[in-house]
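In the working numbering, the protein residues as written are 116 to 554. No residue lacks a Cβ here, since even glycine has one placed at the ideal position from N, Cα and C. Bear in mind the structure is a predicted one, so any value in this text is a computation, not a measurement. In what follows, a single structure is set out as structure tokens and then discussed.
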Ligand code: UDX
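Structure representation (structure tokens):
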């Protein structure tokens with residue numbers, strides 16, 4: 116067991132992966148959450164959400180993992196505390212930091228020895244200054260502490276891998292002591308470590324997410340042009356990506372980005388620009404292009420089917436991306452709503468996200484859930500693909516053809532090669548590429 120003890124406050128997707136990941140690196144870790152149900156599940160070695168490899172990691176390292184509802188347990192046992200609580204979006208687009216503030220006050224109220232407080236959640240620049248202010252206001256005993264920033268770049272569905280093999284580790288510090296503690300806990304990671312000041316570290320996180328989202332909206336803009344003139348966006352993206360200055364990642368056109376980070380972070384970063392009276396309108400465009408993607412997809416559906424009223428549409432993929440059960444800000448939510456409002460009968464299938472989706476769209480006469488992609492396709496007038504789960508790429512298209520009423524696939528994620536699919540008698544409508552009609 117390593118000497119430094121680590122506390123993680125908030126056992127959501129970032130916090131729990133961080134806790135289990137550090138436990139796997141040999142540290143004793145205290146995971147704190149005020150949600151009793153979550154803690155009970157964790158004490159039973161179960162992850163409260165689906166993330167590949169996470170359950171195994173928790174089970175494997177359980178002897179080094181302690182789960183508690185009390186912040187004071189982590190404060191008294193640990194040398195370093197990661198704040199991983201949510202920073203939800205407020206109505207005006209800015210980040211709601213009340214959870215960060217609340218946690219800080221609790222830490223201040225029970226601190227009786229040195230501790231390093233590290234913000235890991237995505238927070239606006241200068242949040243650390245607020246954390247220090249709150250510490251000064253609420254500290255009961257005259258003890259030393261440090262605040263640092265160590266932003267998280269985990270992707271859902273690949274979070275465990277990203278934790279173990281990060282592209283870079285960013286450490287924003289203002290004391291040698293804080294720097295040394297963070298360097299010590301990241302000693303066994305084979306990644307470049309960027310050491311900087313706290314404000315710079317805070318901006319690195321927002322800037323990275325904003326840039327990635329910009330790449331996606333950019334290629335979606337090009338996708339619309341390709342649709343209009345009959346060009347192929349995937350080939351445009353491929354050739355663009357061969358230029359090392361551009362890079363091939365995050366140039367996949369489709370129905371847009373969702374999830375708990377990009378939509379929220381773009382809006383929050385735009386608000387930060389406004390606060391300093393800077394022109395961040397670029398991000399407004401990124402956001403607007405993304406918000407239009409479900410409607411663009413609906414146009415595509417109409418170009419394939421004309422009217423959807425009374426038709427049975429099979430929908431594959433509800434999570435905002437593959438390998439997660441997360442549907443936060445998923446484009447599927449808006450698309451399902453539009454199609455339902457238009458009078459379609461919807462057969463929904465997703466390998467993991469159905470329980471979450473049912474909370475938003477309960478089962479009903481025109482909303483039906485299925486346990487397999489084949490069952491959902493039976494008698495349908497079109498299959499619509501909203502998430503690029505691997506499962507969909509490896510289906511027996513011949514079998515599928517025999518199940519559907521009308522062989523039409525509208526693909527919001529461009530997962531198929533049109534030749535393959537046309538061979539089986541399907542008409543295929545991808546995004547930003549010419550359709551391939553079989554009739
Ligand atoms: C993102 C960042 O990648 C991660 O570094 C940060 O810590 C949290 O936010 P995540 O939200 O898990 O991670 O998913 P990501 O893989 O980045 O995808 C985000 C969205 O963009 C998904 O809806 C995905 O479908 C979409 N996307 C991604 C595209 O539409 N096209 C692409 O080329 C890439």
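Would DSSP call residue 79 helix, strand or coil? Outside the displayed span of the chain (116 to 554) sits residue 79, for which this structure offers no information.
Distance, Cα to Cα, residue 288 vs residue 296? 10 Å
Could I get the ranges of all uninterrupted alpha helix (DSSP H) runs contained in the stretch 457-540, with 4 residues as the minimum, in chain order? 469-475, 488-492, 505-508, 512-518 and 533-538
Can you tell me whether residue 421 is buried or exposed? The criterion is at least 16 other CB atoms within 10 Å of its CB, across all chains shown. exposed
Determine the burial state of residue 432: buried for a count of at least 16 other Cβ atoms within 10 Å of its Cβ, exposed for fewer. buried
Which whole-angstrom value is the C-beta distance of residue 436 and residue 272, which I expect to be below 8 Å? 6 Å
Once the 5 residues before and after residue 187 are set aside, which same chain residues still bring their CB inside 6 Å of it? 225
Segment contact flag, the stretch 306-314 with the stretch 368-381, C-beta cutoff 8 Å, min 3 pairs: no
Have a look at residue 512 and residue 521 and give me their C-alpha separation to the nearest angstrom. 13 Å
Would you please state the rounded distance, in angstroms, between the beta carbons of residue 80 and residue 136? I believe it to be under 8 Å. Because the chain is modelled from 116 through 554, residue 80 falls outside the range shown and cannot be assessed.
Would you check whether the ligand UDX has a heavy atom nearer than 7 Å to the C-beta of residue 376? yes
CB residue 200 to CB residue 162, shorter than 8 Å? no
Answer yes or no: the CB of residue 269 versus the heavy atoms of the ligand UDX, is any distance below 7 Å? yes
Exposed or buried, which one is residue 366 when buried takes at least 16 other CB atoms within 10 Å? buried
Taking residue 500 as the reference, give the member of 218, 545, 246 and 541 with the closest Cα. 545
Would you identify the three-state DSSP class for residue 136, choosing helix, strand or coil? helix
Considering residue 427, what are the terminal residues of the beta strand (DSSP E) in which it resides? 427-431
Run the proximity test for residue 367: is its beta-carbon closer than 7 Å to any non-hydrogen atom belonging to the ligand UDX? yes
The ligand UDX heavy atoms versus the CB of residue 326: any closer than 7 Å? no
How many angstroms separate the CA atom of residue 518 from the CA atom of residue 283? 48 Å
Please name the residue, chosen from 247, 424 and 490, that lies closest to residue 466 on a Cα-to-Cα basis. 490
Starting from the C-beta of residue 415, find all residues in its chain whose C-beta is less than 6 Å away, skip the five residues before and the five after it, and write them out in chain order. 525 and 544
I'd like the list of long-range same chain contacts for residue 262, defined as Cβ closer than 6 Å, with 5 residues on each side in sequence excluded. 232, 243, 246 and 247
From the DSSP output, in three-state form, read off residue 224 for me. helix
Out of 299, 206, 239 and 240, which one is the CA nearest neighbour of residue 195? 299
To the nearest angstrom, report how far apart residue 316 and residue 406 are at their CA atoms. 29 Å
Is any heavy atom of the ligand UDX found at a distance shorter than 7 Å from the C-beta of residue 436? yes
Between residue 495 and residue 462, which are expected to be in contact by the criterion C-beta below 8 Å, what is the C-beta distance as a whole number of angstroms? 6 Å
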